[in-house]
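What follows is one structure encoded as structure tokens, with my remarks underneath.
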Amino acid sequence: MKPKNFLIFLSLLMIAVSGCTTSQKTSNGTGQTESEGSQTNTKDDFGCFSSCKHFPEGSPRQMCEDWKAGKQVKWPDCSYMSEFPACFKLCEFEKKNENPNQTTTFIDPNSPQFQPNAGFDSFVISLKEVPPACITDSEDQRAQLVYARPQDASDRYDEMAPKMRKWIAQGNSIINDEAKRFNVNANLKMACEGDKLTVLNAVLSTASSKKANVDILTAELRSKGFKDDKVKYIVWYDGKVTEPDGSPGSKAEAWLNEWPDGTSFGKPQDDRPTVDNIFNKGGDFSFTYQLFEEDFVQIAMLHEYTHTMGFLQSSAPHHNGVDGHCNDSKPVGQGGQDMNCGFNPRRGNSNPVFGDACPGYGFRYDCGNDDYFNPKPEPGSYLATHWNLGLPMNKFIKFGK
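When the count follows this note's numbering, it moves up by one through the sequence shown with no breaks and lands on 479 for the last residue.
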């Protein structure tokens with residue numbers, strides 16, 4: 079069983095707790111909890127679970143509480159937690175020592191038994207769909223949806239294309255809602271035929287179910303003509319990717335055609351508030367991979383696409399100083415709402431500090447509207463004098479009243 083919905087949500091929450099180390103009391107190996115047995119054992123969580131209060135009520139918190147109570151939790155494929163070393167280590171340890179006669183399985187959010195509470199339900203389960211702006215003019219900037227798969231994988235285009243249209247419409251609702259706070263209408267500009275979003279189908283001969291990474295994918299996609307300088311490509315790849323050494327790869331990432339001065343995310347880019355800003359060019363890719371197939375794929379898809387539009391400039395007030403994310407809000411799932419705040423543990427930022435901007439459950443597109451999106455910035459403010467995704471200078475979003 080691979081419960082992607084819950085696991086993706088759990089993985090996001092793991093970021094908040096993976097830096098804490100505690101030891102938990104659990105069963106004494108006889109099927110009894112320590113209160114029932116005569117022996118007391120201490121079970122190491124390797125720093126994965128610190129406190130169950132970090133998890134919203136429902137199956138995520140239940141899993142944490144069951145584990146702490148000494149009940150054996152049924153763990154999914156540990157590779158899904160590869161980005162969180164403490165939890166990956168705990169998962170591997172637990173799977174090696176599973177007792178099939180004593181298992182508490184978490185409930186999949188799609189199952190009839192799942193009863194979402196207000197906090198969990200305010201996440202992607204309840205995201206509305208707002209149609210993006212349809213662009214049929216080949217001379218206008220726009221994003222193009224692409225379904226891609228390795229040559230040795232089955233073709234799921236007919237199944238996935240409608241989902242991709244739904245996901246980007248749900249992501250667009252976040253931008254649309256943020257703009258409405260300023261009485262402005264804003265929507266992603268997407269390639270269409272008529273009034274229907276187009277999804278291109280790409281079969282990659284150089285990628286396989288065992289070998290694929292962002293360089294392989296972009297190289298072949300570009301060789302197939304995906305390099306229009308007015309188009310940014312939003313790709314859902316129906317497979318997993320690996321690092322060059324064969325270790326599990328990312329779940330989502332962005333690739334930019336032209337890095338200013340050959341730099342990478344988190345370093346000076348182009349923060350000029352002009353229409354000739356480099357981020358108004360196309361030829362960029364944002365990838366979400368098969369590990370994101372249901373809940374949170376909408377957030378991952380929009381997050382990576384936002385990188386290609388110029389998020390986040392290193393000059394921004396709340397740049398985290400490491401990997402091109404904001405830090406004035408806790409990440410979604412950890413008590414914050416800014417869907418673009420966070421950190422990448424692969425870049426060595428293992429103990430980040432976040433502010434308390436817009437706490438609670440939900441999704442915001444720039445808490446405080448002071449780092450990357452503000453349709454009506456105050457004169458002289460950072461977003462009035464620097465690259466601002468929320469102004470018509472950004473040619474990949476359509477603005478109106």
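Just so it is clear, CB atoms sit at the ideal spot from N, CA and C, and this is done for glycine as well.
For clarity, every value in this text was computed on a predicted model and none was experimentally measured.
task: Please check if any C-beta of chain B sits within less than 9 Å of the C-beta of residue 229.
output: Although the question refers to chain B, the structure presented lacks it and comprises just one protein chain.
query: Excluding the five sequence neighbours on either side, which residues of its own chain have a C-beta within less than 8 Å of the C-beta of residue 231, listed in chain order?
result: 287, 316 and 317
- prompt: Below 9 Å between beta carbons: does that hold for residue 256 and residue 264?
  reply: yes
For residue 208 and residue 254, believed in contact at Cβ under 8 Å, the rounded distance: 5 Å
- request: Return the CA-CA distance between residue 145 and residue 166, expressed in angstroms with no decimal places.
  value: 15 Å
query: What does DSSP give as the partner residues of residue 388 in its beta bridges?
result: Per DSSP, none; premise fails for residue 388.
message: By the DSSP assignment, the beta strand (DSSP E) with residue 478 in it spans what residues?
response: 475-478
- prompt: Since residue 435 and residue 406 are thought to touch, with beta carbons under 8 Å apart, how far apart are those beta carbons, to the nearest angstrom?
  reply: 4 Å
Coarse secondary structure for residue 222, derived from DSSP in three states: strand
- prompt: Between the C-alpha atoms of residue 422 and residue 401, what's the straight-line distance to the nearest angstrom?
  reply: 7 Å
task: For residue 213, write down the residues that DSSP places opposite it in a beta bridge.
output: 269
- request: Note the first and the last residue of the continuous alpha helix (DSSP H) segment covering residue 297.
  value: 292-301
field: With 16 other Cβ atoms within 10 Å as the buried cut-off, status of residue 272
entry: exposed
query: For residue 261, which residues from the same chain have a beta carbon less than 8 Å from its beta carbon, with the 5 sequence-adjacent residues on both sides left out?
result: 479
C-alpha distance - residue 332 paired with residue 390, whole-angstrom precision: 12 Å
task: Report the residue from 243, 296 and 453 whose alpha carbon sits nearest the alpha carbon of residue 270.
output: 243
- prompt: Three or more beta-carbon pairs under 8 Å between the stretch 352-361 and the stretch 319-331, yes or no?
  reply: no
- prompt: Anyone know if the C-beta pair for residue 224 and residue 297 falls short of 9 Å?
  reply: no
- prompt: Alpha carbon to alpha carbon, how far is residue 308 from residue 414?
  reply: 34 Å
- prompt: With DSSP run on the structure shown, which of helix, strand or coil describes residue 117?
  reply: Confidence in residue 117 is poor, its pLDDT being 36 and thus under 50, which makes the residue's placement unreliable; the coordinate value appears in the next sentence. Note: residue 117 maps to coil in three-state DSSP.
- request: With a cut-off of 8 Å on the beta carbons, I'd call residue 420 and residue 409 a contact; round off their distance for me.
  value: 4 Å
message: Could you give the first and the last residue of the continuous alpha helix (DSSP H) run that contains residue 310?
response: Residue 310 -> not in any alpha helix (DSSP H); beta strand (DSSP E) instead, spanning 309-315.
- prompt: Is residue 220 near the ligand GDP, judged by its Cβ being under 8 Å from some heavy atom?
  reply: No copy of the ligand GDP appears in this structure; indeed no ligand is present at all.
- prompt: DSSP on residue 130, reduced to helix/strand/coil?
  reply: helix
- request: Compute the distance between the beta-carbons of residue 311 and residue 277, then report whether it is under 9 Å.
  value: no
Within 9 Å, strictly: CB atoms of residue 475 and residue 205: no
task: Write down the C-beta distance between residue 245 and residue 376 rounded to the nearest angstrom, noting that I regard them as a contact closer than 8 Å.
output: 5 Å
message: residue 335 and residue 75 - do their beta-carbons sit closer together than 9 Å?
response: With the chain represented from 79 up to 479, any question about residue 75 goes unanswered, as that position is not in the structure.
message: Suppose you measure from the CA of residue 465 to the CA of residue 455; what does that come to, to the nearest Å?
response: 11 Å
query: Under a Cβ-count criterion, where at least 16 other Cβ atoms within 10 Å of its own Cβ denotes burial, should residue 284 be classed as buried or exposed?
result: exposed
field: Neighbourhood of residue 360 by C-beta, 7 Å cutoff - its chain only, sequence neighbours within 5 removed
entry: 219, 306, 307, 308, 309 and 310
- prompt: Since residue 333 is in the beta strand (DSSP E), which residue starts that stretch and which ends it?
  reply: 330-333
task: Would you mind giving the Cβ-Cβ distance between residue 452 and residue 461, rounded to the nearest angstrom? I have them listed as a contact below 8 Å.
output: 4 Å
message: Please identify the residue among 432, 258 and 433 whose C-alpha is closest to the C-alpha of residue 468.
response: 258
field: Counted within 10 angstroms of its Cβ, other Cβ atoms place residue 228 as buried (16 or more) or exposed
entry: buried
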